[in-house]
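Going by numbering that gives the first Met the number 0, the residue at position 106 of the sequence shown is 105; the numbering climbs one at a time, nothing skipped.
No residue lacks a Cβ here, since even glycine has one placed at the ideal position from N, Cα and C.
For clarity, every value in this text was computed on a predicted model and none was experimentally measured.
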Amino acid sequence: MHKLRKYALGSLVCGAMFLSLNATGQQLPKQAPDPPKNWHTLDLKTDGFYGISLKQAYLFIKGKKSKTVIVTTIDSGIDTSQTDLKSILWVNPKEIPNNGIDDDKDGFVDDVHGWDFLGGKGGKVDFTETTEEVRQYHKLKGKYATITTAPAGQEKEFAFWQKVKTNYDSTMSKSQAEVKDLTMEVNVLSATNYYIKRELKLQSDQTFTLADLGKIKTANDTINQSKTVWESVFSQIGDDTNNAKVLKDLTEYFAKQNNNITPDLDARARIVGDDPDVNDGKPYGNNVLKNPDASHGTGVAGLIGAVRNNGYGIDGVADNVRIMSIKAVPNGDEYDKDVANAIRFAVDHGAQIINMSFGKKISPHKEWVDDAFKYAAAKDVLLVMASGNDNQDVDAKPEFPNDTYLDGSTTDNVINVGASGPKPDTSLAASFSNYGKIHVDVFAPGVKVTSIDTDAEFNTADGTSFSSPIVAGIAALCLEYYPSLSAKQLKQVILESATPIVGKMVNKPGTKEKVDFASLSKTGGIVNAYKALEIASKMKGERK
């Protein structure tokens, strides 16, 4: 899955570790100052940051009445008690909460705020998975690992196996290297964490921040080395995090990589109890939306519609939405079955916009997802999705899901989003972002973007996972105030708002090669909420 990048914590820890433990006495290169926490909402002309001009957008619609829009996040879950979200959660009007009865007869019991397609009996959730190529490799290796040509009649499956094997080998090479490095890094952070907490006289459940490190005054070399490690990590990630958050993110990433090497291939059957290769329409899952990996989904939801002007957390892009949460994304790759069923659930329960901040390299049941995309199109629902964080050209190397269907057709209700940075310099295209003149539609802020979290007021991270909900939020804002716009028109509004940035030479993601920013997406531009509303106001709506 894409998920948020978390600033490549392993490499940060590694740099900090060698700085401290080798006792060189030299500081890491000074990092550029962090942009404001709300930089993604700012305006280039008035503020100097390449945000979405949200203040100007709200001035444009001042005094106008809005209509509530239902936005679904297909993600890792959500913190339903989060102060910035609990009042804007979608509530199933036909379901009586927690009575153990399927009141609305839709097959889902107590689906009050959404549904968890990775859930099982007893409230259990399959939240740690492996990548799709690992799952498919182990499924097919007994049949094809020892042969080099396709058996008669099995040419299609053998070609799929070859693609799986190529991706599997690449994934395993990366995961093995990561686990080797991360084992040492997790140990270093755990040890230095212990020394810092002891020096600060903190209890086991208390945390420390960069500011707390400034309180440490000692001649003890071990404490000072530990302090240097954490100062380096905090300074590069951002001063709004704490030690517990860093350790959680690092160990979660470690678990993901380790699960590729030693995958638990029985977790799905053991917890969910279904067959992910059989999509027979039978309901499965549970209604548990808050779980150990709900941070990602909570941040995504916050960017779309976190309560505005309440003095807490952040202000969401849209001011009158209801968030329907569907969990279909584990710490690992999502299943095609869950994605298809999540889209259908959302559409059937009134979603008008669906955000999908996930993706993978292999899609064994793409036809199921294609059909769900087409179903959303037929019901006039807009799909907004992250392009991915592999700094690759998705025109040449596609990610899944996508809107190029197996039959060669496409629909006009899908927006694919790349990630941009805060300043109009060579780093305007995020170094990690996927791109593509054909298949990536627009760019949106995705570098050091701040949202809310499950266990802290803020979460700042990199990723197209954050770019996508910013776009979904703009689409929702337009639909609130211009409710007759169709999904096709909303896409048109978003794309036209992204004025092509022609002639701006930037680093091609993942390289130092200079390319024209306009060559990296279909529009060649960055979304703008003010321009989107201006364009929407002049359209004659087509929504039926």
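Contact set for residue i: own chain, Cβ-Cβ below 6 Å, skip 5 residues either direction
i      : result
Tyr334 : Pro275
Lys543 : none
Asp292 : Ser75, Phe126, Asn330
Asp550 : Lying before the first or after the last residue shown, residue 550 is absent from the chain, which here runs from 0 to 543.
Leu20  : Residue placement at Leu20 cannot be trusted, given a pLDDT of 39 that sits under 50; the coordinates are not used to answer.
Gly272 : Gly119
Asn390 : Phe431, Pro508, Gly509
Thr82  : Tyr311
Thr23  : Any reading at Thr23 needs caution, since the residue's pLDDT is 36, under 50, leaving its predicted position unreliable; the model's value is listed next. Around Thr23: no qualifying Cβ.
Ile437 : Asp394
Lys521 : Asp440
Among the options, the one whose alpha carbon lies nearest that of residue i
i      : options                        : result
Asn91  : Ser231, Ser75, Thr71           : Thr71
Asp239 : Glu128, Val514, Val526, Pro34  : Pro34
Thr206 : Lys487, Ile500, Thr165, Asn241 : Asn241
Phe442 : Gly462, Asn290, Val416         : Val416
Gly121 : Val185, Asp454, Pro421, Asn285 : Asn285
Ala460 : Val228, Ser294, Lys216         : Ser294
Pro544 : Thr67, Val448, Ala475          : Residue 544 cannot be examined here, being either before or after the span of the chain that is shown, 0 to 543.
Met504 : Phe159, Thr510, Leu405, Ala517 : Ala517
Asp332 : Tyr252, Tyr193, Ala317         : Tyr252
Ser172 : Lys214, Gln256, Glu156, Ala350 : Gln256
Leu519 : Ala475, Pro499, Lys104, Ile215 : Pro499
Ser408 : Ile414, Asp369, Gly435         : Asp369
Tyr193 : Lys513, Gln224, Ala317         : Gln224
Thr453 : Thr522, Asp248, Ile353         : Asp248
Pro482 : Phe48, Lys66, Leu41            : Lys66
Gly50  : Tyr480, Glu128, Val124, Gly445 : Gly445
Thr250 : Val185, Leu139, Ile525         : Val185
Gly358 : Ile77, Asp347, Val306, Gly462  : Gly462
Whole-angstrom C-beta distance between residue j and residue i, which should lie under 8 Å
i      : j      : result
Lys530 : Ser485 : Not quite, the Cβ-Cβ distance comes to about 19 Å (not below 8 Å), so this is no contact.
Ser52  : Asn388 : Not confirmed; about 25 Å, so no contact.
Leu181 : Leu246 : That pair is no contact at about 12 Å.
Ile95  : Gly349 : At roughly 18 Å, the Cβ-Cβ gap does not stay under 8 Å, so Ile95 and Gly349 are not in contact.
Ser467 : Ser356 : 5 Å
Val124 : Asn309 : With a Cβ gap of about 30 Å, Val124 and Asn309 do not count as contacting.
Asn319 : Ser426 : Contact flag wrong, Cβ pair sits at about 34 Å.
Local Cβ density within 10 Å of residue i, reported as buried at 16 or more and exposed below that
i      : result
Arg269 : exposed
Val277 : exposed
Gln25  : Confidence in Gln25 is poor, its pLDDT being 42 and thus under 50, which makes the residue's placement unreliable; the coordinate value appears in the next sentence. With fewer than 16 Cβ atoms within 10 Å of its Cβ, Gln25 is classed as exposed.
Ser419 : buried
Ala190 : exposed
Ser86  : exposed
Lys336 : buried
Pro150 : exposed
Lys537 : exposed
Met16  : Low local confidence applies: a pLDDT of 44 at Met16 is under 50, so the model's placement there is unreliable, with the coordinate-based value given in what follows. With 16 or more Cβ atoms within 10 Å of its Cβ, Met16 is classed as buried.
Ser545 : The structure shown has nothing for residue 545, since the chain only spans 0 to 543.
Glu317 : The question names Glu, but residue 317 in the sequence shown is Ala. Answer is buried; the Cβ neighbour count reaches 16.
Ala158 : exposed
Lys61  : exposed
Glu541 : exposed
Thr147 : exposed
Asn98  : exposed
Proximal residues to residue i (C-beta, below 7 Å), its chain only, five neighbours per side dropped
i      : result
Ala341 : Ile73, Phe116, Ile325, Ala327
Thr170 : Thr130, Glu132, Val133, Asn259
Asn412 : Ala375, Ala376, Val380, Leu381, Leu382, Ala486, Lys487, Lys490
Tyr404 : Asp369
Pro28  : Note that Pro28 scores a pLDDT of 46, beneath 50, so its modelled location is shaky and nothing firm can be said.
Lys164 : Tyr136
Asp103 : Asn91, Lys93, Glu94
Asn219 : none
Any chain D beta carbon closer than 8 Å to residue i
i      : result
Gly113 : As a matter of chain content, chain D is missing from the structure shown, which is built from one protein chain.
Beta-carbon gap between residue i and residue j smaller than 8 Å
i      : j      : result
Ile469 : His112 : no
Val492 : Ile534 : yes
Ile361 : Gln135 : yes
Asn37  : Ile313 : yes
Trp367 : Ala385 : no
Leu43  : His137 : no
Ala198 : Thr227 : Looking at the sequence provided, one finds Glu at residue 198 rather than Ala. Cβ distance not < 8 Å, so Glu198 and Thr227 don't count as in contact.
Phe59  : Leu532 : yes
Leu288 : Gly472 : no
Gly304 : Ala176 : no
Phe399 : Lys365 : yes
Val299 : Ser464 : yes
Ala266 : Glu128 : yes
Neighbourhood of residue i by C-beta, 8 Å cutoff - its chain only, sequence neighbours within 5 removed
i      : result
Pro363 : Glu131, Gln135, Phe159, Asp276, Asp335
Val178 : Phe253, Gln256, Asn257, Ile260
Residue i CB to nearest heavy atom of the ligand FAD below 7 Å
i      : result
Leu478 : The ligand FAD is not part of this structure, which contains no ligands at all.
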